[in-house]
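S.K.: Please read through the structure below; I'll follow up with questions.
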Amino acid sequence: MTDADFTPSERRKRSIATRLWRDSPVLLLAIPGMLIILAFQYYPLWGNVIAFQDYQPYLGINQSLWTGFENFATIVRGDPEFLNAVKNTLILTAIQTVIVFPAPIVVALVLHSLLSNKLRQFVQTIIYVPHFMSWVIVVAVFQQVLGGTGMINNWLRGHGYDPIHVIGSVDAFRALLTSQVMWKDTGWATILFLAVLSQIDRSLYEASAVDGASRWRQTWHITLPGLKPIIILLLILKLGDSLTVGFEQIILQQQGVGVDASEVLDTYVYNNGILGGSWGVSAAVGLVKSVVALALVLGANKIAHRLGEEGVYRG
Amino acid sequence: MSRVDQLTEGKRRQVLVGGMPMPGRPERIGKAVFLTIICGLVVFPFIGVISTSLATPEEVIRAGGFVMLPTHGIDLSAYRSILSGGTVTQALVVSAFITVVGTAIALLLTCTLGWALSRRGTFGNKALLLLVLISLLFNPGLIPSYLVVQQFGLLNSLWSVILPVCVSAFNVIVVRAYFIGLPSEVIDSARIDGASEWKLFWYIGLPLSKAVVAVIGLFYGVGYWNSFFGALLYLNDSSKWPLQLVLRTYVVNGVEIGAQDLGGAGEALPPQTSIQMAILMISVVPILCVYPFIQRHFAKGVLTGAVKG
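Just so you know, the sequences run in chain order L and R. With the working numbering applied, the first sequence covers 3 to 317. With the working numbering applied, the second sequence covers 929 to 1237.
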């Protein structure tokens, strides 16, 4: 039998089968990893249906009552606890964008301008370390340094000064969260900026130096424009994450300062859903949060394209 | 001599470094101070923690809790008391298990998937890649994830901490980019010699990608060692708690450690602060031990994904 004896659709089927057979060793390698992604990334999406149910764990999804959009009423009507969580989330995100985000750019610029590679690597080695510490460790270390009986207050008392109250203080809570985030991740965040800086064309600097540009003008007119694409990319990613702030960090420190000052959307979902038993409402909040976050990333990416930047992806 | 030559002649006296004029003295002093401060902010808390965990009980009590520099010799009783059986020792074993088993599984699954996706033009390649990429865009959410772990019967099992995070889509993309960048001649010639797909991956792909595998292994390892919330969410039985949860209980929440929590019965208990700092140290030290070996590969591992992906 020759190829002509088959109808086109038969030929396609046969070629799918042969390709499948030919590539089966490759597909076999892909299967375990794909199964994990499908099971823990895609399959849970289905669990969002409980946002439309009066979910009771002992009844399960199949037997819990369907309630339509009732769970979303909490969001629409503006339940005070929910609004408080939204407010705290947005304030923390704003602080992190304005204060935390630019910090590694400054550090990267300083490191990039160092003449000695040895010194630069030494500093990098040190400032990357906190990134690899868990939030439990970071919070514990901050308590040991700033707490009521911590290093600083010990010293202050020993020298006859009044101790300062930072840990457990409601007023200082945002400042505390911000300084912890900066301590943990400023150093690590320089890695991307440094990589981009090292790729900027040297001849631009040389040409501008010949034209008499000072170091400051070179930084302003060559270095910072060179960083623009990566800054825009990171801001887009940050926008998608703007409803996600410091979950583990806050869960660890919520006891001391109370819900008013510390509740964010993620802790609201955890405290009300898994701890408090309002599964449906919490799932509804989580679902709305995910949808808004996705819309923010896609929207920001589109705006970046309009402005003529690369963004995260093309398309 | 033309005008241009005269101009450059005048500028030639200026020393350029990397295209930039030499920094002036104020700038250099300013940078030195700045870098010293940020390094100090990282280093000093750790020095305080190490010193307190090693100081003698008398010195800790006299200092009112904290010691910056132990002057009366070193005392290991805090470490002895937490490592001689009891809650902390058990948590250490659990954490070690999660980290070793989790990292091994994660590396294997991530690298095999990355390898399969790097074989462009094979059946279903584009669809699978798209599935991996799209999963980067959204997060399944806390409650749905919990329900799935519950449905799979993993609650209160250490696998609930290991499996859900053992394939990071981002790491898959990084590894894939690295595999694609390998010289295709080597792989093709081995294939012509009749090597199977698995052999290509195991004997050629992996050995050529040691740097990126090391970095990703570090990320997974640190992630497992540090895993806190997954454990808090899924493990109710406190005998299965990893180190991070024990650290939270005794150090962050300040629950007093009694003799019944420790193995060394009969010995006098070291001061609470010393024990707390010793627990903190044993959760930090493993990371600090692995870190220097992998640090030099960071740029490679982190950036291949960002640049080529």
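Idealized CB from N, CA, C, for every residue including glycine.
For D81(L), which residues in chain R fall below 7 Å Cβ to Cβ?
M.R.: The premise fails here: D81(L) is roughly 17 Å from chain R at the closest Cβ pair, so nothing lies under 7 Å.
S.K.: Could you give the distance in angstroms between the alpha-carbon of T1050(R) and the alpha-carbon of T1177(R)?
M.R.: 51 Å
S.K.: Under the assumption that P46(L) contacts P1111(R) (Cβ atoms under 8 Å), give the Cβ distance between them as a whole number of angstroms.
M.R.: No, P46(L) and P1111(R) are not in contact; Cβ-Cβ is about 40 Å, not under 8 Å.
S.K.: For chain R, find out if any of its Cβ atoms is closer than 8 Å to the Cβ of T127(L); answer yes or no.
M.R.: yes
S.K.: Roughly how many angstroms lie between the CA atoms of I232(L) and Y130(L), to the nearest whole one?
M.R.: 20 Å
S.K.: Which partner residues of D1116(R) appear in the DSSP bridge assignment?
M.R.: In the DSSP output, where bridge partners are listed per residue, D1116(R) has none listed.
S.K.: Determine the direct distance from the alpha carbon of L1041(R) to that of S1137(R), and round the result to whole angstroms.
M.R.: Distance between the alpha carbons of S1137(R) and L1041(R): 14 Å.
S.K.: Based on DSSP bridge pairs, tell me the residues matched to L944(R).
M.R.: P949(R)
S.K.: State the DSSP-derived secondary structure class of G1014(R), mapped to helix, strand or coil.
M.R.: strand
S.K.: Hey, is S136(L)'s beta-carbon within less than 8 Å of any beta-carbon in chain R?
M.R.: In terms of beta-carbon proximity, S136(L) lines the interface with chain R, with at least one pair separated by less than 8 Å.
S.K.: Would you tell me roughly how many angstroms separate the C-alpha atoms of I989(R) and F54(L), rounded to the nearest one?
M.R.: 58 Å
S.K.: Check whether the stretch 98–117 of chain L touches the stretch 1123–1132 of chain R, taking contact to mean three or more Cβ pairs, one atom from each stretch, closer than 8 Å.
M.R.: no
S.K.: Between Q1018(R) and W1169(R), what straight-line distance do the alpha-carbon atoms span, to the nearest angstrom?
M.R.: 8 Å
S.K.: I need the DSSP call for D56(L), collapsed to helix, strand or coil.
M.R.: strand
S.K.: Report back the beta-carbon spacing between V1183(R) and Q1204(R) to the nearest angstrom; my notes put them in contact at under 8 Å.
M.R.: At roughly 10 Å, the Cβ-Cβ gap does not stay under 8 Å, so V1183(R) and Q1204(R) are not in contact.
S.K.: In this structure, what does DSSP give as the bridge partners for L1190(R)?
M.R.: G1014(R)
S.K.: Nearest CA to the CA of I139(L): which residue from G1158(R), S1063(R), W1153(R)?
M.R.: W1153(R)
S.K.: Closest by CA to G1151(R), which one among V943(R), V961(R), G1030(R)?
M.R.: G1030(R)
S.K.: State the Cα-Cα distance for the pair I38(L) and F1226(R), rounded to the nearest angstrom.
M.R.: Rounded to whole angstroms, I38(L) to F1226(R) spans 26 Å at the Cα level.
S.K.: Quick check for students: name the residue ranges of the alpha helix (DSSP H) that lie wholly in the stretch 1030–1100 of chain R, counting only runs of 4 or more.
M.R.: Those alpha helix (DSSP H) runs which fall completely within the stretch 1030–1100 of chain R and span 4+ residues are 1053–1063, 1070–1079, 1087–1090.
S.K.: Helix, strand or coil: how does DSSP classify W68(L) here?
M.R.: strand
S.K.: Is DSSP giving Q1172(R) helix, strand or coil here?
M.R.: helix
S.K.: Return the first residue and the last residue of the alpha helix (DSSP H) that S210(L) is part of.
M.R.: 204–212
S.K.: If you run the structure through DSSP and keep just helix, strand and coil, what is Y1131(R)?
M.R.: helix
S.K.: Buried or exposed, going by whether 16 or more other CB atoms sit within 10 Å of the CB of I1062(R)?
M.R.: exposed
S.K.: Identify, in the order they occur along the chain, each residue of the same chain with its Cβ nearer than 8 Å to the Cβ of T1201(R), setting aside the five sequence neighbours on each side.
M.R.: T980, V988, G993, F994
S.K.: With a threshold of 8 Å between beta-carbons, can R219(L) be considered close to chain R, or not?
M.R.: no
S.K.: Give the interface partners of I268(L) over in chain R, defined as CB-CB distance under 9 Å, in chain order.
M.R.: Just to set this straight, residue 268(L) is Asp in the shown sequence, not Ile. Within 9 Å Cβ-Cβ: L1070.
S.K.: Are there three or more Cβ pairs, one per stretch, closer than 8 Å when the stretch 186–205 of chain L is compared with the stretch 256–265 of chain L?
M.R.: no
S.K.: Looking only at C-alpha atoms, which of G70(L), E72(L), V51(L) sits nearest to G62(L)?
M.R.: V51(L)
S.K.: Starting from W222(L), find everything on chain R with Cβ-Cβ shorter than 9 Å and list it in chain order.
M.R.: Here the premise fails: no neighbours, minimum Cβ distance about 13 Å.
S.K.: Put E1184(R) into one of helix, strand or coil per three-state DSSP.
M.R.: coil
S.K.: Does any residue of chain L bring its CB to less than 8 Å from the CB of Q1200(R)?
M.R.: no
S.K.: Using a Cβ distance threshold of 8 Å, determine whether the stretch 1070–1078 of chain R contacts the stretch 272–280 of chain L, with at least three qualifying pairs required.
M.R.: yes
S.K.: Along the stretch 1209–1223 of chain R, where does the CB come closer than 8 Å to a CB of chain L? Name the residues.
M.R.: Answer set for the stretch 1209–1223 of chain R: S1211, V1212, I1215, L1216, Y1219, P1220, Q1223.
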